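In this text, residue positions in the sequence shown follow the numbering used here: the first is 1491, and each later residue adds one.
Worksheet for the structure shown next.
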Amino acid sequence: MFDKAVQDALILWATIDPIGTLAIFSALTAGMSVTQRRKTATRAVLYAGGVLIGSLLIGQVLLTAMGISLLSFQLGGGIILFLFGLQMIFTENDQSSGKEPDHNVAIFPIAIPATATPGAILAVILLTDNQIYPITQQLMTGLIVVVTLAITWVMMFFSDRILAVIGSGGASLLTKIMGMILAALSVQLVMNAIGVEQWANIGP
1491 MFDKAVQDAL ILWATIDPIG TLAIFSALTA GMSVTQRRKT ATRAVLYAGG VLIGSLLIGQ
1551 VLLTAMGISL LSFQLGGGII LFLFGLQMIF TENDQSSGKE PDHNVAIFPI AIPATATPGA
1611 ILAVILLTDN QIYPITQQLM TGLIVVVTLA ITWVMMFFSD RILAVIGSGG ASLLTKIMGM
1671 ILAALSVQLV MNAIGVEQWA NIGP
């Protein structure tokens, strides 16, 4: 249980990427007042939470309805998460300033796809597979999603102060480190899907 909690926390932190989201949020809300920025942060996290919790609750049902097995989804999702990790390592954050109304940027691009990223949606579905994880572990994963989003909200709420301490360079470095961790964890997901560990454990 503890090992899964640590793995889930690392994967969800890397895919939701609060630090990368913080940099994007700061750029898009640069022209807003403090009150507007904080309202935007709250709306964005609520929208992102709805998407991720919705994926947790009905994501697997939708896959079953479309005839996609969880094993296939795990394999494909692992590959996509790996590419997502590479993107975090090699792509610079978009620091372009935005002047759009706060209610618009709260939905797009801050809530989706900056916070509820495609990688995070995939991860939530994979980490709550009904055929692998009991309900207690799925509830734990849901709790980790909520905690990660709460941390993301706090970081956006106090974005000016945090960036003043770590700087844009520090935020970029931390994002790249989390990208490396996500890439490694996604390789593990692919190995589990194709049974590499089982093959490796078979003696001569």
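No residue lacks a Cβ here, since even glycine has one placed at the ideal position from N, Cα and C.
Model, not experiment: these values are computed from the prediction.
Can glutamine 1564 and leucine 1500 be called in contact, C-beta distance under 9 Å? no
How big is the Cα-Cα spacing for valine 1537 and alanine 1601? For the record, residue 1537 in the displayed sequence is tyrosine; it is not valine. Between tyrosine 1537 and alanine 1601, the C-alpha separation is close to 6 Å.
Less than 9 Å between the C-beta atoms of leucine 1546 and glutamine 1628, yes or no? yes
Euclidean distance between Cα positions of asparagine 1778 and tryptophan 1643: Nothing in the structure corresponds to residue 1778, since the chain is present only between 1491 and 1694.
Helix, strand or coil: which one does DSSP assign to leucine 1617? coil
Buried or exposed: which applies to methionine 1556, given that a residue is buried once 16 or more other Cβ atoms fall within 10 Å of its Cβ? exposed
Using the beta-carbon count (16 or more within 10 Å), is proline 1508 buried or exposed? buried
Who are the near neighbours of isoleucine 1569 in its chain, counting only those whose CB is closer than 7 Å to its CB and skipping five residues on each side? Val1680
Once the 5 residues before and after serine 1649 are set aside, which same chain residues still bring their CB inside 8 Å of it? Leu1512, Phe1515, Ser1516, Thr1519, Arg1527, Ala1531
For glycine 1669, which of Leu1571, Val1535, Met1578, Trp1503 has the nearest alpha-carbon? Met1578
Tell whether a beta-carbon distance below 9 Å holds between valine 1614 and valine 1636. no
How would you call leucine 1542, buried or exposed, if buried means at least 16 neighbouring beta carbons within 10 angstroms? buried
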